[in-house]
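Numbering (this note's numbering), first residue to last: 94 to 163.
Just so you know, even glycine gets a beta-carbon here, dropped at the ideal spot from N, CA and C.
Because the structure is a prediction, the values reported are computed rather than measured.
One structure is given below, encoded as C-alpha cells.
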Amino acid sequence: MTRKYIDCREYPSAMNCTVALAADSEGELLEAAVQHATTVHKHADTPELRTQLKSLFHDGTPPVEIPSRT
C-alpha cells in the first residue's frame, strides 16, 4: 500500500494554508481532508467536494519545501 497525501500549499487560498495531510489509505486521507476542508476552509461536505479532493491526492509524503502551485 502506498502512502497518500494532499497539500494545501499547492492551492491558493485567502488564508495561505500550509497544512499537509498524509495517510496509509485513501479512505482515511479523504475523511481527514473533508474534515479540514469543511472546518477550516468552510466548504460544504458534498459528493463534488469529495471527488475534487480525491483528484488532488498524490502518492508518497508531502515535500518539506513549498510545492509549486497548480
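On the premise that residue j lies in contact with residue i, defined as a C-beta separation below 8 Å, what is that separation, rounded to the nearest angstrom?
{"i": "K142", "j": "I99", "result": "Here the sequence assigns Leu to residue 142, which means Lys is not the residue at that position. Going by Cβ atoms, the distance from L142 to I99 rounds to 12 Å, so no, they are not a contact pair."}
{"i": "P160", "j": "E103", "result": "5 Å"}
So, are the CB atoms of residue i and residue j less than 8 Å apart?
{"i": "T111", "j": "D152", "result": "no"}
{"i": "L114", "j": "A130", "result": "no"}
Can you tell me whether residue i is buried or exposed? The criterion is at least 16 other CB atoms within 10 Å of its CB, across all chains shown.
{"i": "K97", "result": "buried"}
{"i": "A126", "result": "buried"}
{"i": "H137", "result": "The amino acid occupying residue 137 in the given sequence is Ala; His does not appear at that position. That one is exposed."}
{"i": "A107", "result": "exposed"}
At what residues does the alpha helix (DSSP H) containing residue i begin and finish?
{"i": "A126", "result": "E119 to T132"}
{"i": "K147", "result": "P140 to S148"}
Starting from residue i, trace the beta strand (DSSP E) in both directions and tell me its first and last residue.
{"i": "K97", "result": "K97 to D100"}
{"i": "A116", "result": "A113 to A116"}
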